[in-house]
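First residue of the sequence shown: 583, per our numbering; consecutive thereafter. Backbone N, C-alpha and C define an ideal beta-carbon position, used for all residues, glycine too. Some notes on the structure that comes next.
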Amino acid sequence: MAFPNPNPPPPPPETILTMHEDQDPRPVHRKSCGNRKSYLMLLGINYICLFMGSVSSTLLTKFYFNHKGKSRWISTFVQSAGFPLLFLPIYLSYYLFKSTDRKPFSGFTQKLLILSILVGFLLGLNNLLISWGSSYLPVSTFSLLLSCQLAFTLILSVIIVKQKITFSNLNCVILLTLSSVLLALSSGRDKPQGLTKGKYFIGYFTAIGAGLLFSLYLPVMEKIYHTVYCYSMVMEMQLIMEAAATLLATIGMVADGGFTDMKTESTKLFDLGSKGYWLTIIFNIITWQLCFMGTAGMVFLTTSLTGGICMTALMAINVVGGVLVYGDEFGGVKIVSTLLCIWGFSSYLYGMYMKMKAEKETERINDHRRFMEMAEIVSHSG
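Here you go:
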């Protein structure tokens, strides 16, 4: 795979502006004349991918462990092994849909390659922590614990990408973090039968660790995306990152006998048989790919904080999914935690709506002022 032109070309003339909350706009390449409608459409597609991927992958990972799957390295491996699927949006957009004039991987610098590989190893470690946490904890508990990443995402976003703190994003972070604290205070009641206290707390702290690592991953990626001028480059970076994460998981599997475990699990251990085992693995690979693709797109098109808030808001859906699919306990504390998640996300959406409304009104006033100035100039010249 070649990476021509070590000095990236300036952004092509065909650009649209994607507005980052409280930040300067960033150019995003499109072949046709872009507009707000196309931006919102792309944003919507990425959130659908995030929604479907996040909910499905969490449930399927737990499904794997519930049916006698035991290897955490296999669970780690499937989270990134679907990276070849990213060749589809990368190459089809250029060769089939003709939606861009930029050839795949053109202008992809050595610096971007190295950064993608390093972040990919970080992502691989995060995937391993997710596997440990989801193997021991109920889906609802695991999902709510991951939401702790949001407070750290806000702090790191302020430090790394100079994110401005507003009432809406601060209020949202406080509510979602409070949701996790409430769950932590009652976590002892939610321990599954047969699980030792030690293993339960291993799952608890690895889930917290996964959230903390992901809170670093989001603003770091936003910082890197500031040097990227098109969506296809984001997918190319994502492909390399997940290839690096897969390499890390493969090394772990080889060292721990993971590939032998796959054969043993499929034929002897998995209680749904070999066909059920491989279908579980395949759908895990696909849904995790949708999740990471949606996450990358959301961070690029909005901000790391917005991406983190959208992911955390989905935790409420994961909690409900765990209750409906696996019969997780859904007592008073989890109800309150879920409602706090919904409240926090709703307040953030309302804040964004009011901000966009105020910007639109300001733009209308400025347009009117410019019109009046032009009219006055014309009248004086006449």
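Where does the unbroken alpha helix (DSSP H) through residue i begin, and where does it stop?
i, result
"residue 792", "779 to 807"
"residue 666", "Note, residue 666: premise wrong, no alpha helix (DSSP H); not H, not E."
"residue 716", "692 to 718"
"residue 742", "731 to 742"
"residue 647", "618 to 648"
"residue 871", "855 to 883"
"residue 832", "813 to 838"
I think residue i touches residue j, with their Cβ atoms under 8 Å apart; what is that distance to the nearest whole Å?
i, j, result
"residue 875", "residue 668", "7 Å"
"residue 869", "residue 880", "Contact flag wrong, Cβ pair sits at about 16 Å."
"residue 817", "residue 671", "5 Å"
"residue 719", "residue 785", "4 Å"
"residue 715", "residue 788", "4 Å"
"residue 800", "residue 702", "Contact doesn't hold; Cβ gap of about 15 Å is too wide."
"residue 865", "residue 858", "The pair is not a contact, with the Cβ atoms about 11 Å apart (cut-off 8 Å)."
"residue 665", "residue 821", "5 Å"
"residue 758", "residue 729", "5 Å"
"residue 792", "residue 711", "4 Å"
"residue 697", "residue 867", "That belief does not hold up - the Cβ atoms of residue 697 and residue 867 are roughly 25 Å apart, past 8 Å."
"residue 750", "residue 923", "Contact flag wrong, Cβ pair sits at about 15 Å."
Apply the 10 Å Cβ neighbour rule to residue i and answer buried if 16 or more other Cβ atoms are within range, or exposed otherwise.
i, result
"residue 746", "exposed"
"residue 679", "exposed"
"residue 595", "Note that residue 595 has pLDDT 39, beneath the 50 cutoff, so the model's placement of it is unreliable and no number is given."
"residue 856", "exposed"
"residue 684", "buried"
"residue 644", "buried"
"residue 944", "exposed"
Please determine, among the options, the residue with the shortest C-alpha to C-alpha distance to residue i.
i, options, result
"residue 803", "726, 882, 839 and 629", "882"
"residue 837", "635, 759, 624 and 653", "653"
"residue 848", "618, 641, 646 and 695", "646"
"residue 726", "840, 790 and 835", "790"
"residue 885", "846, 934 and 637", "934"
- Message: I'd like to know if the stretch 923 to 933 and the stretch 749 to 763 are in contact, where contact means that at least 3 CB-CB pairs between them fall below 8 Å.
- Response: Cβ pair count under 8 Å is three or more, so yes.
- Task: Taking 8 Å as the threshold, find out whether the stretch 678 to 698 comes into contact with the stretch 894 to 912 through three or more Cβ pairs.
- Result: Remark: fewer than three beta-carbon pairs, one from each stretch, lie closer than 8 Å, so the stretch 678 to 698 and the stretch 894 to 912 are not flagged as touching.
- Message: Quick check: the stretch 816 to 831 against the stretch 719 to 737, are at least 3 beta-carbon pairs closer than 8 Å?
- Response: Per the Cβ contact rule, the stretch 719 to 737 is not in contact with the stretch 816 to 831 (fewer than 3 Cβ pairs under 8 Å).
- Check whether the stretch 944 to 962 touches the stretch 905 to 920, taking contact to mean three or more Cβ pairs, one atom from each stretch, closer than 8 Å. A contact is defined here as three or more CB-CB pairs under 8 Å, and the stretch 944 to 962 fails this definition with respect to the stretch 905 to 920.
- How about the stretch 694 to 713 and the stretch 651 to 667: do they share at least three Cβ pairs that are nearer than 8 Å? When Cβ pairs closer than 8 Å are counted between the two stretches, the stretch 694 to 713 is seen to touch the stretch 651 to 667, the count reaching three or more.
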